[in-house]
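Report on one structure; see the data block that follows.
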Amino acid sequence: GYVGVGTVEFIIDCVEKKFYFMEMNTRLQVEHGVTESIIKINGNDLDLVQLQISIAMGKRLPVSQGQVTVTGHSIEARVYAEIPSRDFLPQSGKVLHLTTPTCSMGKVRIDSAISK
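FYI, the numbering for the sequence shown is 4 to 119, going by our numbering.
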């Protein structure tokens, strides 16, 4: 069987109350931070990179499903420079203004290739 840490994606049909498997990526994706922000193992933070390295070294997964808890919700949003009228063709150019969100509730994590 498959042994490793990866990303499993599903799509949900809220009307029919069913979910469908979309894909399995056998590697961590950039979104793994979203998972890490809301999952705890025995009350401790989850580190998917550490788990993947440990499994690659031949070690067994050190937790069972019963030790995993979901502690909230997490949302990831991306901003792309694209032209919708041209089939979302990427748009190059200079960023003339950048404002990052501030939030007084919970945590906000900003990952960006550019800064003020």
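All C-beta atoms, glycine included, are put in the ideal place defined by N, C-alpha and C.
Keep in mind it's a predicted model, so treat the numbers as computed, not measured.
Same chain only: Cβ atoms within 7 Å of residue i, ignoring 5 sequence neighbours per side
i, result
"Met-25", "Glu-12, Phe-13 and Ile-14"
"Pro-104", "Val-111"
Whole-number beta carbon distance between residue j and residue i, since they are thought to touch under 8 Å
i, j, result
"Gly-4", "Gln-55", "Rounded, the Cβ-Cβ distance is 17 Å, inconsistent with contact."
"Ile-86", "Val-66", "With 8 Å as the limit, Ile-86 and Val-66 do not qualify as a contact, their Cβ atoms being about 45 Å apart."
Bridge partner(s) assigned by DSSP for residue i
i, result
"Glu-121", "Past the edges of the chain, shown from 4 to 119, lies residue 121, and the structure says nothing about it."
"Glu-39", "The partner list for Glu-39 (beta bridge, DSSP) is empty, contrary to what the question assumes."
"Leu-92", "Ile-86"
"Asn-45", "DSSP, once it has assigned bridges, lists no residue as partnering Asn-45."
"Lys-21", "Asp-16"
CA-to-CA distance, residue j to residue i, given in whole angstroms
i, j, result
"Ile-112", "Lys-62", "A quick correction: the sequence has Arg, not Ile, at residue 112. Approximately 31 Å between the Cα atoms of the pair."
"Gly-46", "Gly-36", "17 Å"
"His-100", "Ser-118", "10 Å"
"Met-60", "Gly-9", "16 Å"
"Asp-114", "Lys-20", "34 Å"
"Ala-84", "Glu-34", "19 Å"
"Ser-40", "Ser-77", "7 Å"
"Ser-88", "Met-27", "32 Å"
"Ala-80", "Leu-64", "30 Å"
"Val-90", "Gln-32", "Looking at the sequence itself, residue 90 is Asp, so the reference to Val does not match. Each residue's Cα considered, the two are about 25 Å apart."
"Gln-94", "Ala-116", "16 Å"
"Gly-69", "Val-98", "47 Å"
Neighbourhood of residue i by C-beta, 6 Å cutoff - its chain only, sequence neighbours within 5 removed
i, result
"Phe-22", "Phe-13 and Ile-15"
Contacts around residue i, its chain only, beta-carbon distance under 8 Å, and the 5 residues preceding and following it disregarded
i, result
"Ile-42", "Leu-49, Val-71, Thr-72, Val-73 and Thr-74"
"Leu-92", "Glu-85 and Ile-86"
"Gly-96", "Ala-84"
"Thr-29", "Tyr-5, Gly-7 and Gly-9"
Where the alpha helix (DSSP H) through residue i begins and ends
i, result
"Val-52", "51-59"
Element boundaries [beta strand (DSSP E), containing residue i]
i, result
"Val-73", "71-73"
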